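Undergrad: Structure incoming, see below.
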Amino acid sequence: MRKVKLLAFTLMVFSAMQSCKDKDNLQEVVQVPEPQKEEKAAPLGNPDDVKAEAGPFKIARLGYAYDALAPHIDAKTMEVHYSKHYKKYTDELNKAVTGTALENKTIEEILKTLDMENKAVRNNGGGYYNHTLFWEIMAPNAGGAPKGAIADAINKDFGSFDAFKTQFTEAATKQFGSGWAWLVVDKDGKLIIGSTPNQDNPLMPGAGISGTPVLGLDVWEHAYYLNYQNKRPDYINAFYNVINWDAVAKKYDAAVAKK
Ligand code: MN
280 MRKVKLLAFT LMVFSAMQSC KDKDNLQEVV QVPEPQKEEK AAPLGNPDDV
330 KAEAGPFKIA RLGYAYDALA PHIDAKTMEV HYSKHYKKYT DELNKAVTGT
380 ALENKTIEEI LKTLDMENKA VRNNGGGYYN HTLFWEIMAP NAGGAPKGAI
430 ADAINKDFGS FDAFKTQFTE AATKQFGSGW AWLVVDKDGK LIIGSTPNQD
480 NPLMPGAGIS GTPVLGLDVW EHAYYLNYQN KRPDYINAFY NVINWDAVAK
530 KYDAAVAKK
């Protein structure tokens, strides 16, 4: 009889231990992970601190803070675009021209007479020129409609400002892969719209569209992917809110005066 009691007691203890173990297991399964410490975004840099490596071409001053075009173009995109991509094009262009006959030419002279087989200058010289123009034709609290001579020319050459926007949007949307959409003064002083792949531009021989760019839109994914992902049309629509038409007008007036 005593043996039976002992056995029963042993079983009870054993079963209690099992149940504890099960509880522990259960706890392990449903255990909620420790809340992750929130990663703080690194503070934005100062665009004025970005300098080119040695060479004839300098980083053009941005003229506004990285977050000045938000929400249309977000601060992080602007910072990476200006301090990394643009700097890289500038540094690589400097490397490519230093010690060559191109060293003392302006970027416009280099591109207009470019040997398109010179890939280092084509890609980086194009990248340098295109982005330098891009920073200039955007501004905070800008957008709206152009005024003055360029507004008249847009109405004359496209029918209306809305018709211009439709055509420019289409060029920017349909550029397959990386490239740029352009508003250009052609050899007759007429405004035309087109696009180019990669870092090509209308100054280069045989680029498909020829003339003096007065407005350019970067449609490389690095220009919008952080904020817009695959939605390039949303980025293009947002761009109209940051176009600095005063800067575009100056470029237009200068291009027409040369005709
Ligand atoms: Mn770019």
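Numbering of the sequence shown is given in our numbering, commencing with residue 280 and proceeding in unit increments.
Each residue gets a CB set at the ideal place from its N, CA and C atoms; glycine is no exception.
No experiment lies behind these values; they were computed from the predicted model shown.
For Met-280, count neighbouring Cβ atoms within 10 angstroms of its own Cβ and tell me buried if that reaches 16, exposed if not.
TA: Numbered from 1 along the sequence shown, position 1 holds the residue referred to as residue 280. Confidence in Met-280 is poor, its pLDDT being 47 and thus under 50, which makes the residue's placement unreliable; the coordinate value appears in the next sentence. Met-280 should be labelled exposed.
Undergrad: Say yes only if the C-beta of Asp-557 is nearer than 6 Å to one or more non-hydrogen atoms of the ligand MN, and no if none qualify.
TA: Since the first residue shown for the chain is 280 and the last is 538, residue 557 is missing from the structure and cannot be characterised.
Undergrad: Who are the Cβ neighbours of Phe-413 in its own chain at under 8 Å, not counting the five residues just before and after it?
TA: As a first step, residue 413 is located in the sequence shown; it is residue number 134 there, counting from the start. Closer than 8 Å at the Cβ level, and outside the excluded window around Phe-413, lie Gly-495, Leu-496, Asp-497.
Undergrad: Which same chain residues, not among the five before or five after Gly-481, have their C-beta less than 6 Å away from its C-beta?
TA: Position 202 of the sequence shown, counting from 1, holds the residue named residue 481. Reading off the sequence, residue 481 comes out as Pro, not Gly. Excluding residues within five positions, the ones whose Cβ falls inside 6 Å are Trp-461, Val-463, Ile-488, Ser-489, Gly-490, Pro-492.
Undergrad: Give the DSSP-derived three-state secondary structure of Ile-471 in the structure shown.
TA: Taking the sequence shown and counting its residues from 1, one reaches residue 471 at position 192. Reduced to three states, the DSSP call for Ile-471 is strand.
Undergrad: Going straight from the alpha carbon of Tyr-343 to that of Ala-486, what length do you get?
TA: Here residue 343 is taken as the residue at index 64 of the sequence shown, counted from 1. Here residue 486 is taken as the residue at index 207 of the sequence shown, counted from 1. Straight-line Cα distance between these residues: approximately 31 Å.
Undergrad: Would you kindly report the start and end of the unbroken alpha helix (DSSP H) that includes Leu-372?
TA: In the sequence shown, the residue the question calls residue 372 occupies position 93. Start and end: 366 to 376.
Undergrad: If we call anything under 7 Å between Cβ atoms a contact, is Ala-517 one with His-351?
TA: The residue given as residue 517 occupies position 238 in the sequence shown. The residue given as residue 351 occupies position 72 in the sequence shown. Yes, they are a contact pair.
Undergrad: Exposed or buried, what is Lys-300 when buried is set at 16 or more other beta-carbons lying within 10 Å of its beta-carbon?
TA: If you number the sequence shown from 1, residue 300 lands on position 21. Any reading at Lys-300 is ruled out, since the residue's pLDDT is 48, under 50, leaving its predicted position unreliable.
Undergrad: Using the DSSP secondary-structure output, state which residues sit across from Gly-438 in a beta bridge.
TA: As a working note, residue 438 is residue 159 in the sequence shown. According to DSSP, which records beta bridges pairwise, Gly-438 is partnered with nothing at all.
Undergrad: Counting only the same chain and skipping the five closest in sequence on each side, list residues whose C-beta sits under 6 Å from that of Leu-305.
TA: Locating residue 305 in the sequence shown gives position 26, counting from the first residue. At Leu-305 the pLDDT is 48, less than 50, meaning the model places this residue with poor confidence and gives no usable figure here.
Undergrad: Between the alpha carbons of Leu-348 and Asn-509, how many angstroms are there, rounded?
TA: In the sequence shown, residue 348 corresponds to position 69, counting from 1. In the sequence shown, residue 509 corresponds to position 230, counting from 1. Approximately 20 Å between the Cα atoms of the pair.
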